[in-house]
Amino acid sequence: MSFARKVTRRSVIGAAAVSAALVLTGCVAGEGSGGSPAANAAVESGTLNIDFATYNPLSLVIKKKGWLEASLKDQGVTVNWVQSAGSNKANEALRSGAIDVGSTAGSAALLARANGSPIKTIDIYSQPEWAALVAKDSSGITTVADLRGKSVAATKGTDPYFFLLQSLAEAGISAKDVTVQNLQHADGRAALENGSVDAWSGLDPIMAGAEQKGAKLFYRNLSFNTYGFLNATESFLANKPKQAQAVVNAYEKARAWAAVNPDETAQILADVAGLDLAVAKTVVLERSNLDVDPAPGEAQRKVLAKIGPTFVETGDVASQQQIDDAVASILDDSLVKQADASAIKDS
Numbered sequence: 036m037s038f039a040r041k042v043t044r045r046s047v048i049g050a051a052a053v054s055a056a057l058v059l060t061g062c063v064a065g066e067g068s069g070g071s072p073a074a075n076a077a078v079e080s081g082t083l084n085i086d087f088a089t090y091n092p093l094s095l096v097i098k099k100k101g102w103l104e105a106s107l108k109d110q111g112v113t114v115n116w117v118q119s120a121g122s123n124k125a126n127e128a129l130r131s132g133a134i135d136v137g138s139t140a141g142s143a144a145l146l147a148r149a150n151g152s153p154i155k156t157i158d159i160y161s162q163p164e165w166a167a168l169v170a171k172d173s174s175g176i177t178t179v180a181d182l183r184g185k186s187v188a189a190t191k192g193t194d195p196y197f198f199l200l201q202s203l204a205e206a207g208i209s210a211k212d213v214t215v216q217n218l219q220h221a222d223g224r225a226a227l228e229n230g231s232v233d234a235w236s237g238l239d240p241i242m243a244g245a246e247q248k249g250a251k252l253f254y255r256n257l258s259f260n261t262y263g264f265l266n267a268t269e270s271f272l273a274n275k276p277k278q279a280q281a282v283v284n285a286y287e288k289a290r291a292w293a294a295v296n297p298d299e300t301a302q303i304l305a306d307v308a309g310l311d312l313a314v315a316k317t318v319v320l321e322r323s324n325l326d327v328d329p330a331p332g333e334a335q336r337k338v339l340a341k342i343g344p345t346f347v348e349t350g351d352v353a354s355q356q357q358i359d360d361a362v363a364s365i366l367d368d369s370l371v372k373q374a375d376a377s378a379i380k381d382s
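Just so we're aligned, residue 36 is where the sequence shown starts under this note's numbering, counting upward by one.
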């Protein structure tokens, strides 16, 4: 069923349930909670550094609507939006402290956590089919097996890269039998179009744009796409928990809004990504499941456990123990469980 046809009530119902529970227990902010001063204080002042990305439509909705700015301005919080060109770039920004909250694929978040980046996944923003293997229609490449001895563009540290590795393994081809050109997603598309590579492991919405221009998605596999993970640094979660809660609240407001405004969601994506509206609709309505359970949990843990050994085999992570530790520690559903979309003001 397409996202457009789903009637999403999870966020609204969840928010109502949380609000009702708070009323029944009397535990409204600062009222009989007995918590620490930080827990009872107003939203922390300062700057919230948060990313937006064309592969994360909910981030575009939140930025466009100005909800975080409207909800946090009274507490002296400035919202600084930073664009992420890919999961690898979001991870770099999180590790360096340039952003507090960033959007990645699940695979990329696991890779970062396993290699020591102190991040936690606080919300699942989508369950997309955003990666596939792409070639020119005239290339003669029709199966993964045809990639043996060929050059393929892929952005290392992102879902398309790991999609490529899983696809090769499934076809019985060693990664050493393929020349991987490490190019950022948009550059990978350009390399495919100008003939610098034989194939590209693509990412939407850039991939949908290439498809419209005649490129062929010759191998697709939904199970090789990991979820969209919204990640935050541990220092941000510890020092500014109310800002973190506001971010998750905004995401749940955006999820509910996008469910009843799919065409406008597609238009927002089209405007930011420079896409034809028809292409943006393909991405939002057909290849982005935004109506996913936002709480990081067992479904994501299973996906991460499945892909983790691949990182060790390729040398991207030194040991399986690092993978196991990361899988056990990366997911944090506490903010989603307390999410209240109604707490987010309209601009």
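The C-beta atom is built at its ideal place from N, Cα and C for all residues, glycine as well.
Item, Value
"Per DSSP, the bridge partner or partners of D86", "V117"
"Element boundaries [beta strand (DSSP E), containing F253]", "A250 to Y254"
"C-beta atoms of A285 and A267 nearer than 7 Å", "no"
"Cα-Cα separation between Q373 and S152, rounded to whole angstroms", "25 Å"
"S270: first and last residue of the uninterrupted alpha helix (DSSP H) it sits in", "E269 to N274"
"Contact between the stretch 225-235 and the stretch 131-145 (3+ Cβ pairs under 8 Å)", "no"
"Pick from E79, L83 and P92 that is closest to D306, judged by C-alpha positions", "P92"
"F38 versus A128: straight-line alpha-carbon distance, rounded", "Bear in mind that the predicted position of F38 carries a pLDDT of just 42, short of 50, making it unreliable; the figure below should be weighed with that in mind. Spanning the two alpha carbons is a distance of roughly 30 Å."
"Rounded separation between L265 and Q302 - CA only", "22 Å"
"Residue from G350, G101 and V169 with nearest C-alpha to Q247", "V169"
"Whole-Å CB distance - V193 paired with L238, under 8 Å assumed", "At residue 193 the sequence reads Thr, which differs from the Val that was named. Right, their Cβ atoms sit about 7 Å apart."
"Assigned exposure category for R322 - 16 Cβ within 10 Å defines buried", "buried"
"Coil, strand or helix - D158 by DSSP", "strand"
"Every unbroken beta strand (DSSP E) within the stretch 324-350, with a cutoff of 3 residues, ordered by chain", "none"
"Residues bridged to S138 (per DSSP)", "L265"
"Opposing strand residues paired with Q216 [DSSP bridges]", "A188"
"Opening and closing residue of the beta strand (DSSP E) in which S106 lies", "Careful: S106 lies outside any beta strand (DSSP E), inside the alpha helix (DSSP H) at W102 to L107."
"Within 7 Å, strictly: CB atoms of A376 and I97", "no"
"Candidates A245, K108, S186 and D109, of which the one nearest V314 by Cα", "A245"
"K171 (DSSP reduced to helix, strand or coil)", "strand"
"A52 versus S174: straight-line alpha-carbon distance, rounded", "In this prediction, A52 scores a pLDDT of 38, lower than 50, which makes its location untrustworthy; the coordinate-derived value is nonetheless stated afterwards. In a straight line, the C-alpha of A52 is about 55 Å away from that of S174."
"C-alpha distance - Y90 paired with T214, whole-angstrom precision", "26 Å"
"Counted within 10 angstroms of its Cβ, other Cβ atoms place E269 as buried (16 or more) or exposed", "exposed"
"For D367 and T178, the rounded distance between their alpha carbons", "39 Å"
"Buried or exposed by the 16-neighbour rule on C-beta atoms within 10 Å, applied to S106", "buried"
"Endpoints, the beta strand (DSSP E) within which G244 is located", "Run containing G244: none in the beta strand (DSSP E); it sits in the alpha helix (DSSP H), I241 to Q247."
"Three-state secondary structure (DSSP) of A204", "helix"
"DSSP bridge partner residues for L366 (one or two, in chain order)", "T156"
"CB of I241 within 7 Å of CB of A221, strictly", "yes"
"Anticipated Cβ contact below 8 Å, A204 with I358, distance rounded", "Their Cβ separation, rounded to whole angstroms, is 16 Å, which puts A204 and I358 out of contact at 8 Å."
"Assigned exposure category for T261 - 16 Cβ within 10 Å defines buried", "buried"
"Bridge partner(s) assigned by DSSP for W235", "V169 and A188"
"Residue burial classification, V295 (beta-carbon count within 10 angstroms, cutoff 16)", "exposed"
"Local conformation of N91 per DSSP, three classes", "strand"
"Extent of the continuous alpha helix (DSSP H) to which L257 belongs", "Segment: none, L257 is in no alpha helix (DSSP H) and carries neither H nor E."
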